[in-house]
Amino acid sequence: MDSSLRDLYQEIILDHSRHPRHFGPLATANHMAEGHNPLCGDRVKVYLKVDAKDRIEDVSFEGRGCAISVASASLMTDMLKGRSVAEAERLMGGFLNLVKGEDAAELESDDRETLEVMAGVSAFPMRVKCATLAWHAMKAALDDEGAARTE
Amino acid sequence: MNADPKLTPAYDVAALRRDFPILSREVHGRPLVYLDNAASAQKPIQVLDAMARFTTSEYANVHRGVHYLSGAATERYEEARRRVQRFLNAEHEEEIIYTKGCTEAINLVAQSYLAPLIQPGDEIVLSVMEHHSNIVPWHFLRERQGAVLKWVDVSDLGELDPADVARSITPKTKLVAITHMSNVLGTKTALKEIVRIAHEKGVPVLADGCQGAVHGTVDVRALDVDFYALTGHKLYGPTGIGILYAKRAHLKTMRPYQGGGEMIREVTRANVTYADAPMRFEAGTPPIVQTVGLAAALDYLDFVGRDAATAHEDALAKLATQRLKELNGVRIIGEAKGKGPLISFEAIGIHAHDLATILDREGVAVRGGHHCAQVLMERFNVPGTARASFALYNTVAEVDALVSAVQVARKVFG
Chain A
976 MDSSLRDLYQ EIILDHSRHP RHFGPLATAN HMAEGHNPLC GDRVKVYLKV
1026 DAKDRIEDVS FEGRGCAISV ASASLMTDML KGRSVAEAER LMGGFLNLVK
1076 GEDAAELESD DRETLEVMAG VSAFPMRVKC ATLAWHAMKA ALDDEGAART
1126 E
Chain B
7 MNADPKLTPA YDVAALRRDF PILSREVHGR PLVYLDNAAS AQKPIQVLDA
57 MARFTTSEYA NVHRGVHYLS GAATERYEEA RRRVQRFLNA EHEEEIIYTK
107 GCTEAINLVA QSYLAPLIQP GDEIVLSVME HHSNIVPWHF LRERQGAVLK
157 WVDVSDLGEL DPADVARSIT PKTKLVAITH MSNVLGTKTA LKEIVRIAHE
207 KGVPVLADGC QGAVHGTVDV RALDVDFYAL TGHKLYGPTG IGILYAKRAH
257 LKTMRPYQGG GEMIREVTRA NVTYADAPMR FEAGTPPIVQ TVGLAAALDY
307 LDFVGRDAAT AHEDALAKLA TQRLKELNGV RIIGEAKGKG PLISFEAIGI
357 HAHDLATILD REGVAVRGGH HCAQVLMERF NVPGTARASF ALYNTVAEVD
407 ALVSAVQVAR KVFG
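Here the protein sequences come in this chain order: A and B.
Just so you know, we're using the working numbering here: the first sequence kicks off at 976 and counts up by one.
Just so you know, we're using the working numbering here: the second sequence kicks off at 7 and counts up by one.
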């Protein structure tokens, strides 16, 4: 088997895709957006509860898609809980750089280590959109845009 | 590939493969196994040579100049039209209209033939297994003119019962638009029977022949179909060229499609009159070189033998179906009797895109996704499928490669 395949489908990614964390609608959410990739049909809804101090109190997602998009969404929700909105946006910037194979200097070393498991996507340019879908939906939710699309 | 077992006697697939230079390349360090033929087929050297020869020795614009090359190019361009006419067994030359593909051919019928006839509430009958190119042009008429789309379902095996088409036709039906062969399920529709039923009720039929024209003989006169749309690039020809066959009886009432050069008779400040078919529907400089390429592709198909090619492809698909079914957790979607040589399948627990990515790393090119058939995906309640589709140059060794690549995917996903 191709070693880049092993990098892409690491055990931790398969685990997140099989057992996604924070999965399902969030009744207390005050921000929500749907991410849709019309080319592959993947859909993900991201729910956020942001408190008065711009802190993400709770977060969840639901939807269906490939292992990469589900694992990425699951990993994202794991990381966002308790963060400020500004931090969430910085994480997203770093993540987008990481999956494109670029330097992600804006990430703290802990965060970088956590997100590094998705870096294997950079060897699969056709799959980068799968990895970024949930993050774009999260940003659209924070910006109250309602929907995000990657294609 | 010399050792490849022969599925049909006297069919020399190794020799044919040498006509397709791209087939000898590698992908990710492995021999290319190209099984995405339903999306687009590779081109034989004969097609590439014909286009290069024409471009380097006879090329000019057509139907315009009086100079030598313009005449020569026009002759080749019209010769290609007669080649397509023979391919489809059309009665008249002017029934063959050049388009840029199947999509444009169907849009042309929607806009030139059907749009002027549609009153609010008029109905268009189509099946749930249509490609978006045979759905969206009719949605335009729904959005803009109040047409109603009536959907004919298929069975769980993917079979379409002509009686269901009959039941969907009402006095308000203006057209039946149906695929000749599904690009997802492989189902070949009983087109002749559907046309007979529709004509009994006075309703014309458009067939999407994108796949159907590749895997079997098409005789538009025997089918008695009103419109037949196909594309060149799936027939081993170039991209940018498609064909609309339109029965002569309809040509007179069809209004022009796009306006421009070549489609007019006379233009004044106050008025315009139009050329007769087919030029009435061919505004602007057409894809001249591509028509020559398409004619060469049809010659190539005849050289291989259409029946021999179809028999070879069907045998490969049958073998692949059987081998895939032997694997655990693989589900085939579309098992209609007499289906064409393509296989949509799901590896349970593996999304189509993950599967296609893993297969790709093994050198195996398949399509993964909704195949521009979202209505059908909804019908079968799947987000997408992987699809292996066979062409005249595929081999038994490639079926083996497909099956072992699916096994690799199963291993990755445990």
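For every residue, glycine included, the Cβ atom is placed at its ideal position computed from N, Cα and C.
Residue i burial status per 10 Å Cβ neighbour count (16 or more: buried)
| i | result |
| --- | --- |
| P389/B | buried |
| G999/A | exposed |
| N8/B | With a pLDDT of only 41 at N8/B, under 50, the local geometry of the prediction cannot be trusted, and no value is derived from it. |
| Y242/B | buried |
| K331/B | exposed |
| H34/B | exposed |
| V185/B | Note on identity: in this sequence residue 185/B is Thr, with Val being the wrong assignment. When all chains shown are included, T185/B counts as buried. |
| I294/B | buried |
| N277/B | exposed |
| H73/B | exposed |
| D214/B | buried |
| H239/B | buried |
| F309/B | exposed |
| K1020/A | buried |
| P122/B | exposed |
| H98/B | exposed |
| G1016/A | buried |
| Q217/B | buried |
Chain B residues whose Cβ lies nearer than 7 Å to that of residue i
| i | result |
| --- | --- |
| F1099/A | T363 |
| A1042/A | H357 and D360 |
| L980/A | I364, R367 and V418 |
| R1124/A | Correct list: empty, because the minimum Cβ distance to chain B is about 15 Å. |
| L1108/A | By Cβ distance, chain B contributes nothing, its closest Cβ being about 12 Å from L1108/A, past 7 Å. |
Interface residues of chain A facing residue i [CB-CB closer than 7 Å]
| i | result |
| --- | --- |
| V414/B | M976 |
| P284/B | Under the 7 Å cutoff, chain A gives no residues; its nearest Cβ is about 35 Å from P284/B. |
According to DSSP, residues forming a beta bridge with residue i
| i | result |
| --- | --- |
| G1010/A | V1019/A and A1123/A |
| Y234/B | A213/B and Y251/B |
| R36/B | V33/B |
| S1033/A | Strictly speaking, residue 1033/A in this sequence is Asp, with Ser absent from that position. In DSSP, D1033/A forms a bridge with K1024/A. |
| S350/B | I339/B and R393/B |
| D170/B | D170/B is not bridged to any residue. |
| Y280/B | I270/B |
| D42/B | S395/B |
First through last residue of the beta strand (DSSP E) which encompasses residue i
| i | result |
| --- | --- |
| S1097/A | Unbroken run through S1097/A: none, as it is neither H nor E. |
| S133/B | E129 to S133 |
| L181/B | T179 to T185 |
| T259/B | No beta strand (DSSP E) holds T259/B; DSSP gives it neither H nor E. |
| L155/B | V154 to V158 |
| T105/B | I102 to T105 |
Residue i versus residue j - alpha carbon distance
| i | j | result |
| --- | --- | --- |
| Q52/B | Y306/B | 7 Å |
| G127/B | Q151/B | 9 Å |
| M1101/A | G1069/A | 19 Å |
| I354/B | S1044/A | 17 Å |
| L132/B | H145/B | 11 Å |
| F386/B | L361/B | 19 Å |
| I130/B | E384/B | 20 Å |
| K343/B | E165/B | 8 Å |
| T316/B | T401/B | 13 Å |
| G77/B | A86/B | 14 Å |
| F1036/A | L1001/A | 8 Å |
| D162/B | E341/B | 8 Å |
| L75/B | K198/B | 43 Å |
| T100/B | N334/B | Before going on, a small fix: residue 100/B reads as Glu here, not Thr. E100/B and N334/B: Cα-Cα distance of roughly 53 Å. |
Contact list for residue i against chain B, beta-carbon separation under 8 Å
| i | result |
| --- | --- |
| G1016/A | G375, H376, Q380, M383, P389 and G390 |
| Y1022/A | Ordered by position in chain B, no residue passes the 8 Å Cβ test against Y1022/A, which lies about 21 Å from the chain. |
| R1102/A | H359 and T363 |
Where residue i meets chain A, residues with beta-carbon distance less than 9 Å
| i | result |
| --- | --- |
| H34/B | D977 and S979 |
Unbroken alpha helix (DSSP H) run spanning residue i, endpoints
| i | result |
| --- | --- |
| I1043/A | A1042 to L1055 |
| T297/B | I294 to V310 |
| T176/B | No alpha helix (DSSP H) contains T176/B, which DSSP labels as neither H nor E. |
| G375/B | First-last for G375/B: R373 to G375, but that is the beta strand (DSSP E), not the alpha helix (DSSP H). |
| G77/B | Y74 to L94 |
| T1107/A | V1103 to L1117 |
| G1069/A | V1060 to V1074 |
| H205/B | L197 to E206 |
Partner residues on chain B for residue i, Cβ-Cβ distance less than 9 Å
| i | result |
| --- | --- |
| R1039/A | H357 and P389 |
| L989/A | V418, F419 and G420 |
Closer than 8 Å to chain C by CB, residue i
| i | result |
| --- | --- |
| E64/B | As a matter of chain content, chain C is missing from the structure shown, whose protein chains are A and B. |
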